[in-house]
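Here's the structure, in structure tokens; my notes come after.
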Amino acid sequence: QLVMRMLTSLAKVDASRLRIGRLQETDWPKLTKAAGQLSEAPIFIDDTSALSVLEIRAKCRRLLVEHKIGLVVVDYLQLMRGLYYSESREKEISEISRGLKALAKELSVPVIALSQLNRAVENRNDKRPQMADLRESGAIEQDADIIGFIYRDEVYDKNSDWKGTAEFIVSKQRNGPTGVVRLAFLQQYTTFENLARATE
Numbered sequence: 107q108l109v110m111r112m113l114t115s116l117a118k119v120d121a122s123r124l125r126i127g128r129l130q131e132t133d134w135p136k137l138t139k140a141a142g143q144l145s146e147a148p149i150f151i152d153d154t155s156a157l158s159v160l161e162i163r164a165k166c167r168r169l170l171v172e173h174k175i176g177l178v179v180v181d182y183l184q185l186m187r188g189l190y191y192s193e194s195r196e197k198e199i200s201e202i203s204r205g206l207k208a209l210a211k212e213l214s215v216p217v218i219a220l221s222q223l224n225r226a227v228e229n230r231n232d233k234r235p236q237m238a239d240l241r242e243s244g245a246i247e248q249d250a251d252i253i254g255f256i257y258r259d260e261v262y263d264k265n266s267d268w269k270g271t272a273e274f275i276v277s278k279q280r281n282g283p284t285g286v287v288r289l290a291f292l293q294q295y296t297t298f299e300n301l302a303r304a305t306e
């Protein structure tokens, strides 16, 4: 599923056409070119479930023997497990959060950890996510150098004036400013782009 999204995003082919098997003739050369690019890209996907930080660390160290690692992405934080069983999931997430921070320092690469939100956001008039909405959030807020959220107004308001756009909300940046960046969201390709470029 992830590879299919990457493929249609890179090829700029409507993902729904690939999903239902109704590709147009012009789609094939785009997909072929994108597949070639992806096959040569140094991207390594591990879909093992319920990994601990120690297991991720071991996998990264094995990769480092043969490849240079420039980025580690965890999708998502709450699917990981702590090294030791804890009755408090918040304590477990705290251990995982600290472990990922240590991993970033050890490997000298950015580690991006996706996170679930709690349901409090659904009960507010303003649906924009906040740091307090991060599930089991205490340690995440403290450990992360940067915390960002993606918000699309049209998800909550079908008559939104901001259809086809998204806000990237920088809620925390240890060494820089916070704020909002508006992006173009190309839903058919599941891609975000520079808003100015997308409207040219």
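If you read the sequence shown in the working numbering, its first letter stands for residue 107, the second for the next number, and so on.
Note that the Cβ used here is the ideal one computed from N, Cα and C, for glycine as well.
Per-residue DSSP class, three states only, for residue i
{"i": "Val287", "result": "strand"}
{"i": "Val119", "result": "coil"}
{"i": "Gln293", "result": "helix"}
{"i": "Glu273", "result": "strand"}
{"i": "Asn300", "result": "strand"}
{"i": "Gln279", "result": "strand"}
{"i": "Gly254", "result": "strand"}
{"i": "Val217", "result": "strand"}
{"i": "Leu223", "result": "strand"}
{"i": "Leu129", "result": "coil"}
{"i": "Leu209", "result": "helix"}
{"i": "Leu240", "result": "strand"}
{"i": "Gly188", "result": "coil"}
{"i": "Trp268", "result": "coil"}
{"i": "Ile202", "result": "helix"}
{"i": "Ser194", "result": "coil"}
Residues of its chain near residue i, where Cβ-Cβ distance is below 6 Å and the 5 sequence neighbours each way are ignored
{"i": "Ile149", "result": "none"}
{"i": "Ala210", "result": "Val217"}
Residue-level contact to chain C via CB, residue i, 8 Å cutoff
{"i": "Gly142", "result": "Absent from the structure: chain C. Only one protein chain is present."}
Distance, residue j Cα to residue i Cα
{"i": "Leu170", "j": "Gln294", "result": "35 Å"}
{"i": "Trp134", "j": "Val227", "result": "41 Å"}
{"i": "Arg234", "j": "Arg258", "result": "8 Å"}
{"i": "Lys278", "j": "Ile253", "result": "5 Å"}
{"i": "Cys166", "j": "Leu189", "result": "17 Å"}
{"i": "Ser214", "j": "Ala208", "result": "10 Å"}
{"i": "Phe173", "j": "Ser194", "result": "In the sequence as presented, Phe is not what sits at residue 173; that position holds His. When rounded, the distance between both Cα atoms is 37 Å."}
{"i": "Ala238", "j": "Ser200", "result": "15 Å"}
{"i": "Thr284", "j": "Val276", "result": "5 Å"}
{"i": "Gln222", "j": "Glu196", "result": "13 Å"}
{"i": "Ala164", "j": "Asp232", "result": "42 Å"}
{"i": "Leu206", "j": "Arg241", "result": "17 Å"}
{"i": "Glu299", "j": "Ile202", "result": "32 Å"}
{"i": "Leu220", "j": "Thr154", "result": "16 Å"}
{"i": "Ile256", "j": "Arg168", "result": "33 Å"}
{"i": "Thr138", "j": "Val217", "result": "31 Å"}
Limits of the alpha helix (DSSP H) - the one that residue i falls within
{"i": "Val159", "result": "Val159 to Glu172"}
heavy atom of the ligand GTP below 7 Å from residue i C-beta
{"i": "Lys207", "result": "Summarising the ligand content, the structure contains no ligands, and the ligand GTP is consequently not present."}
Residue i, enclosing beta strand (DSSP E) - first and last residue
{"i": "Val178", "result": "Val178 to Val180"}
Cut-off 8 Å between Cβ atoms - residues of its own chain near residue i, not counting five sequence neighbours on either side
{"i": "Val109", "result": "Leu144 and Ile151"}
Meets three-Cβ-pair contact criterion under 8 Å: the segment 125-132 and the segment 140-159
Proximity of the segment 125-132 to the segment 140-159 falls short of the contact definition, fewer than three beta-carbon pairs being nearer than 8 Å.
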